[in-house]
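Let me begin by presenting the structure, written as structure tokens, before commenting on it.
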Amino acid sequence: MTKFFFKSVARLAAVASVALGTLAWAAPPQMPMFRFEKFTTANGLPDNHVFAVLVDGDRVWAGTENGLAVYENHAWKTYTTTDGLAHRAVLSLALDERTGDVWAGTMGGLSRISGGRIDTFTQLNSGLSNDVVYGVSVEGENVWVATAAGACRYDLRSGGWSLFNERNTPMNEIWVYGVSATPTKVYFAVWGSGLLEYDQKTGRWDKYDDPDGENEIVLFKDQGLIHEIVTSVSYVDNIVWAATYFGDSRYDGRYWHNFLTKDSGLPSNFTNTIKGVDAKRAWFGTDKGLAYYDGVNWAVYRPSLTTGKPEMTIRDGKGNVTSVEVTSAPAHNYVLGIDFQGSDIWVATAKGLSHGIHQP
Amino acid sequence: MNWPIHRWLQPAVVAVLAAVAAVLLGVSVGHGDAAHAAAMPVTGEVLNYASPVELLFSPDGARLYVLCQQSDEVRVLDAKSDAAIKSITVGRVPRGFSLSASGDRLFVANSWDDTVSIIDTKSLAITATWPVGSEPSSIVADREGKRLFVANRISNDVAVLDANTGVEEKRLAAGRGASYITPSPDGSRLYVTHVYPNPTPHRTAPESEITVIDTARAVVVDRIILHNIAHAFHVAFSADGRLGVAAEMHPKNLIPLAHLEHGGAFADTLMLFGADVGKPVEIPLDELERYAVRPFGVAIMADKSRIFVTCEGSELVTVLDVQRLLRFAHTHRGPNAQDLSASADYVIAHIAVGHDPRGMAMKHDGHSLLVANRLDDTISVIDTRTNRLASTIALAGPKKLSVLRHGEQTFYTARHSFQGQIGCANCHIDSTFDGLTWDLEPDGFGRDIVDNRPIEDVKDTEPFKWNGGNPNLPTECGPRTEKYFWRAENYDDLTLTDLVVYIRSLQARPNRWRRPISESTPAQERGKDLFTRDKDKFGNAILETNRCVFCHSGKKGTNQKSFDVGTKKWTDNTGPLDTPQLTNIGITGPYLHDGSAATLEQIWTVFNPEDKHGRTNDLTKDELNDLIEYLRTR
Numbered sequence: 000m001t002k003f004f005f006k007s008v009a010r011l012a013a014v015a016s017v018a019l020g021t022l023a024w025a026a027p028p029q030m031p032m033f034r035f036e037k038f039t040t041a042n043g044l045p046d047n048h049v050f051a052v053l054v055d056g057d058r059v060w061a062g063t064e065n066g067l068a069v070y071e072n073h074a075w076k077t078y079t080t081t082d083g084l085a086h087r088a089v090l091s092l093a094l095d096e097r098t099g100d101v102w103a104g105t106m107g108g109l110s111r112i113s114g115g116r117i118d119t120f121t122q123l124n125s126g127l128s129n130d131v132v133y134g135v136s137v138e139g140e141n142v143w144v145a146t147a148a149g150a151c152r153y154d155l156r157s158g159g160w161s162l163f164n165e166r167n168t169p170m171n172e173i174w175v176y177g178v179s180a181t182p183t184k185v186y187f188a189v190w191g192s193g194l195l196e197y198d199q200k201t202g203r204w205d206k207y208d209d210p211d212g213e214n215e216i217v218l219f220k221d222q223g224l225i226h227e228i229v230t231s232v233s234y235v236d237n238i239v240w241a242a243t244y245f246g247d248s249r250y251d252g253r254y255w256h257n258f259l260t261k262d263s264g265l266p267s268n269f270t271n272t273i274k275g276v277d278a279k280r281a282w283f284g285t286d287k288g289l290a291y292y293d294g295v296n297w298a299v300y301r302p303s304l305t306t307g308k309p310e311m312t313i314r315d316g317k318g319n320v321t322s323v324e325v326t327s328a329p330a331h332n333y334v335l336g337i338d339f340q341g342s343d344i345w346v347a348t349a350k351g352l353s354h355g356i357h358q359p
Numbered sequence: 000m001n002w003p004i005h006r007w008l009q010p011a012v013v014a015v016l017a018a019v020a021a022v023l024l025g026v027s028v029g030h031g032d033a034a035h036a037a038a039m040p041v042t043g044e045v046l047n048y049a050s051p052v053e054l055l056f057s058p059d060g061a062r063l064y065v066l067c068q069q070s071d072e073v074r075v076l077d078a079k080s081d082a083a084i085k086s087i088t089v090g091r092v093p094r095g096f097s098l099s100a101s102g103d104r105l106f107v108a109n110s111w112d113d114t115v116s117i118i119d120t121k122s123l124a125i126t127a128t129w130p131v132g133s134e135p136s137s138i139v140a141d142r143e144g145k146r147l148f149v150a151n152r153i154s155n156d157v158a159v160l161d162a163n164t165g166v167e168e169k170r171l172a173a174g175r176g177a178s179y180i181t182p183s184p185d186g187s188r189l190y191v192t193h194v195y196p197n198p199t200p201h202r203t204a205p206e207s208e209i210t211v212i213d214t215a216r217a218v219v220v221d222r223i224i225l226h227n228i229a230h231a232f233h234v235a236f237s238a239d240g241r242l243g244v245a246a247e248m249h250p251k252n253l254i255p256l257a258h259l260e261h262g263g264a265f266a267d268t269l270m271l272f273g274a275d276v277g278k279p280v281e282i283p284l285d286e287l288e289r290y291a292v293r294p295f296g297v298a299i300m301a302d303k304s305r306i307f308v309t310c311e312g313s314e315l316v317t318v319l320d321v322q323r324l325l326r327f328a329h330t331h332r333g334p335n336a337q338d339l340s341a342s343a344d345y346v347i348a349h350i351a352v353g354h355d356p357r358g359m360a361m362k363h364d365g366h367s368l369l370v371a372n373r374l375d376d377t378i379s380v381i382d383t384r385t386n387r388l389a390s391t392i393a394l395a396g397p398k399k400l401s402v403l404r405h406g407e408q409t410f411y412t413a414r415h416s417f418q419g420q421i422g423c424a425n426c427h428i429d430s431t432f433d434g435l436t437w438d439l440e441p442d443g444f445g446r447d448i449v450d451n452r453p454i455e456d457v458k459d460t461e462p463f464k465w466n467g468g469n470p471n472l473p474t475e476c477g478p479r480t481e482k483y484f485w486r487a488e489n490y491d492d493l494t495l496t497d498l499v500v501y502i503r504s505l506q507a508r509p510n511r512w513r514r515p516i517s518e519s520t521p522a523q524e525r526g527k528d529l530f531t532r533d534k535d536k537f538g539n540a541i542l543e544t545n546r547c548v549f550c551h552s553g554k555k556g557t558n559q560k561s562f563d564v565g566t567k568k569w570t571d572n573t574g575p576l577d578t579p580q581l582t583n584i585g586i587t588g589p590y591l592h593d594g595s596a597a598t599l600e601q602i603w604t605v606f607n608p609e610d611k612h613g614r615t616n617d618l619t620k621d622e623l624n625d626l627i628e629y630l631r632t633r
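Going line by line, the protein sequences match chains A and B. For the first sequence, numbering that gives the first Met the number 0 begins at 0 and goes up steadily by one. For the second sequence, numbering that gives the first Met the number 0 begins at 0 and goes up steadily by one.
Below, the structure is given as structure tokens:
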């Protein structure tokens, strides 16, 4: 009897495992889950319009329309122009990991926050090319700056400035929206002039354009950059991730892989910011939510476009879309900035800052 | 005034200098006591003095290391007998040194070579010389012996080096003129002081800082703001780490110097910080007729009973009672700097030492404090039990007093000014500049504001003053100084002559941007073309008088004439302005006659709307940057 019982259980277990395996095959891919906490003026942020977010160890910096805020020990502290900040609207942030200094690009110049002191560089008091600083990136002793009138490099050792514009680079337009600098390559997102590459070793410039020109159509999808209006760039593990207002691109130095809403999990082609995790994975900040791509599958995190309720959708590599029940989402669909804190994510949006706490 | 140590010397020196100066000036003074003069050690020769600036005892107390700035040496003395053991030649103008925790290595910052020397203290030989930033002035190792931290005065940063390989790991942003590093007693923090003020808006009070570095992480974690302070020097800590003391200068540059007789152009103060005081408190050292001019070195007794402060210009060591000082600090949170009666509450002694006293070192028994007297090559030994001078160690070297040395002593002493309040070196820190603008003349508050021009390489750049009113240095340093600065009887002719000889001898510090012509950067080359151009970008001829190279001509960048370059303000009394020399222009901000341009860029982006200060409004931003890149090489 006992022997029969155990045999039956074993058979049942075998059947169950086959069934579960079938179910597992049909289930959506595992994508990161978060519990989003929201920060607004109600809990200390100086403004709800958050352009940029930067993780600095246990601290988090937020560039808002009304000052630079730092979150430390569960409290926000704000720096404004009275503290020496170049301008109240902080558009971009970068961390010098060697020194701990934070660089803030603003609508009125570039500021360095170092040990509590703020030094400001403007087009009038320094070699900075323009006061509207859309992007900043620190690499070694160089601070690379994307401005409304070209890009520039500030040499921290010599104090010298090098300007890059239509006169000395293949930059057709000088509206530089983003920069991503590494010791080998520096990439610039140029609004209306594609993607610029600077080789640190050779000093050579390369330009990547949309092979379809400025047409808003895509004839051959993966032949090159998806569009000329490049808004953000992230260079990680020798891979370029580029965001445009008309889709996004991944470039490995030889092949392009482009992402559009129609054939990927991207919630919108209008992408404000992009941040690569590694060669395979990247995060996208669009006007219709936050998206994650793991190399095959997509996940979108946002308040529902219709109900405003938190939602998460997963799209697998075959295009199957699954909704996942969630209780929280980023503060707003219009995502402007992204940074990582371990397995957590921070998301700057047009209506607040969100801390996505990873759920194992 | 009381100058006990030098009083005996003065009549004889004056007599002898009369003869020397007569030779230099080519005039006859009519008479002289030839025998007396011959016996006196005075000479027109250029002599290589030691000029000790810093002192260190070896960990076992057996050796005394003496850093000699003019002879570019570290001298090693037997601490008991004062006998010389060895002299080690290091780089040019060494300014700071320190020992490793174990004492087996001595690190020296060579300020004019932009290097540090590593000395093995067993063999007393240099084992390595490593490049660092611009004008390294102080060097400290961490406790573990892994990293070196070097304060760079001109690049305004702290270089972090691998202590074993010398490879630079990174630079930390310090304040302007980063010069002295002091570790906390437990070694966990480094405190960096600065000899020049941080930039502040025009006509606002100066501000300096103590940059605080986390030694283990090698990052800046705090900046203690020194309000109203332009120059800060040594820091010392009590052994328990609860009291930090910084020597500093508090200029009163926003009010006319006519008020020298109403309380001085400077307050000489200490900044107290740390757990014993909470928020930093500024403590004055001055009292009427007994100023403590240019406090530099600080030492605190191990039992925390007293603080000793060297005062360069007053040529003395001021002694403070710590208990009384802390009591005052707790009951007078400030502002205290103007209170000339305050120091009576806690200053308990003044000890006359040598010319231009700088760094100090305490013997291990705590009974003797040694003081480096830079401008007479001696070390004063103070008995800390009696607060009296016990003895003086004379370093080997020239025994004659040269004209140059006498001129330099005159430059650094405060004895010639009203009540001994200031000396030339108050505004010309280490014979350079101070980064400040001043309201010098008694013409009302805020009138005729002037930027303090540097005096390096000043020879052959006359006339002087921004209005070109002083045709030569004897006028500038004589009657003008008497009238506007000293408010007291001036130097005798011979002293003035020696002072002028000294000032004319000042060399420019090395230019950190200048390279051999063949190695100029493309930006520098383009900038030079702009500097010398005679046509604007539209092909129009630029008036000769409106070309950069017309006014800023010659090796020193001045044609020594005055012009109206459109920068005159409603506060200015005078018209055309003297063309300043361009020597090391990249580091001597602020700019323009009134210091209204904080940076070189602002000269043209803000203050040249009508192209009167050179034709520049046709330039693009990158071209203006090129012009500045070239100017920085001057």
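Think of the CB as a built atom: it goes at the ideal place given N, C-alpha and C, for glycine as much as any other residue. Computed from a prediction, not measured in an experiment: that's the story for all the values here.
For A/T270, does the count of other Cβ atoms within 10 angstroms reach 16, so buried, or fall short, so exposed? buried
Among B/D112, B/E247, B/T412, B/I381, the one whose alpha carbon lies nearest that of B/P135: B/D112
Let me know the secondary structure DSSP gives B/K620 once reduced to three states. When DSSP states are grouped into helix, strand and coil, B/K620 belongs to the helix group.
Which term fits B/L447, buried or exposed, when burial requires 16 or more other beta carbons within 10 angstroms of its beta carbon? Going by the sequence as given, residue 447 of chain B is Asp instead of Leu. Taking all protein chains in view, the Cβ of B/D447 is crowded by 16 or more other Cβ atoms within 10 Å, so the residue is classified as buried.
Note down the Cα distance separating B/H249 from B/C310, rounded to an integer number of angstroms. 14 Å
Please determine if the segment 502-512 of chain B and the segment 527-540 of chain B are in contact, where contact requires at least 3 C-beta pairs separated by less than 8 Å. no
Is B/G353 closer than 8 Å to B/S313 when the C-beta atoms are compared? Their beta carbons are not under 8 Å apart, which means B/S313 does not touch B/G353 by this criterion.
Candidates B/L315, B/K362, B/E281: closest to B/N335 by CA position: Nearest C-alpha to B/N335: B/E281.
Using the Cα positions of B/I84 and B/V75, report the straight-line distance between them to the nearest angstrom. If you take the alpha carbons of B/I84 and B/V75, they lie about 5 Å apart.
Of the choices B/A231, B/N624, B/P397, B/A291, whose alpha-carbon is the least far from that of B/A638? As displayed, chain B neither begins before 0 nor continues past 633, which places residue 638 of chain B out of reach and without an answer.
So what does DSSP say about B/P250, is it helix, strand or coil? B/P250 falls in the strand class under three-state DSSP.
Does the segment 326-346 of chain A come close enough to the segment 31-48 of chain A that 3 or more CB-CB pairs lie under 8 Å? yes
Please report whether the beta-carbon of A/R58 lies at a distance below 8 Å from any beta-carbon of chain B. no
With a cut-off of 8 Å, do at least 3 Cβ pairs link the segment 290-306 of chain B to the segment 319-331 of chain B? yes
Per DSSP, what kind of secondary structure is A/T40 in: helix, strand or coil? helix
Pull up the distance between the alpha-carbon of B/E628 and that of B/S416, whole angstroms please. 40 Å
According to DSSP, simplified to helix, strand and coil, what is A/F50? strand
Consult DSSP for B/H354 and reduce its assignment to one of helix, strand or coil. coil
Is the distance from the Cβ of B/F484 to the Cβ of B/L472 below 8 Å? no
Establish whether the CB of B/A172 and some CB of chain A are separated by less than 8 Å. So, interface residue.
Can you tell me where the alpha helix (DSSP H) holding B/D492 begins and where it ends? Run containing B/D492: 492-504, per the alpha helix (DSSP H) assignment.
Listed by chain order, chain B residues near A/T360 by CB distance under 8 Å: It is not possible to answer for residue 360 of chain A, since the shown part of chain A is limited to 0 through 359.
Look at B/T578 and B/Q559 and say whether their C-beta atoms are less than 8 Å apart. yes
What are the start and end residues of each continuous beta strand (DSSP E) run of 3 or more residues lying completely inside the segment 119-145 of chain A, in chain order? Those beta strand (DSSP E) runs which fall completely within the segment 119-145 of chain A and span 3+ residues are 132-138.
So the candidates are B/W437, B/Q601, B/I454, B/E622; which of them puts its Cα closest to the Cα of B/G526? The candidate whose alpha carbon is nearest that of B/G526 is B/E622.
A/T79 versus A/D130 - alpha carbon distance: 16 Å
Starting from A/S125, find everything on chain B with Cβ-Cβ shorter than 7 Å and list it in chain order. T598, E600
Among A/H256, A/E64, A/V189, A/P45, which has the Cα closest to the Cα of A/K279? A/H256
What is the C-beta distance between B/H363 and B/L315, in whole angstroms, given that I count them as a contact (C-beta under 8 Å)? Rounded, the Cβ-Cβ distance is 25 Å, inconsistent with contact.
Is the CB of B/A37 under 8 Å away from at least one CB in chain A? No answer about B/A37 holds up, because its pLDDT of 37 lies below 50 and its placement is not dependable.
On the three-pair Cβ rule with 8 Å, is the segment 269-277 of chain B touching the segment 428-442 of chain B? Contact fails: fewer than three Cβ-Cβ distances are below 8 Å.
Using a cut-off of 8 Å between C-beta atoms, extract the partners of B/E247 located in chain A. Neighbours of B/E247 on chain A: none; closest Cβ ~18 Å, over 8 Å.
Taking all protein chains shown into account, do 16 or more other C-beta atoms lie within 10 angstroms of the C-beta of A/N237, making it buried, or fewer, making it exposed? So A/N237 ends up on the exposed side.
Check whether A/G62 and A/F50 have beta carbons under 8 Å apart: yes
Give me whichever residues DSSP pairs with A/W160 in a beta bridge. A/Y153
Cβ-based neighbour list, B/W7, same chain, cut-off 6 Å, excluding 5 preceding and 5 following: Only weak support exists for where B/W7 lies, its pLDDT of 38 falling under 50; the value from the coordinates is given anyway. So no residue of the chain qualifies.
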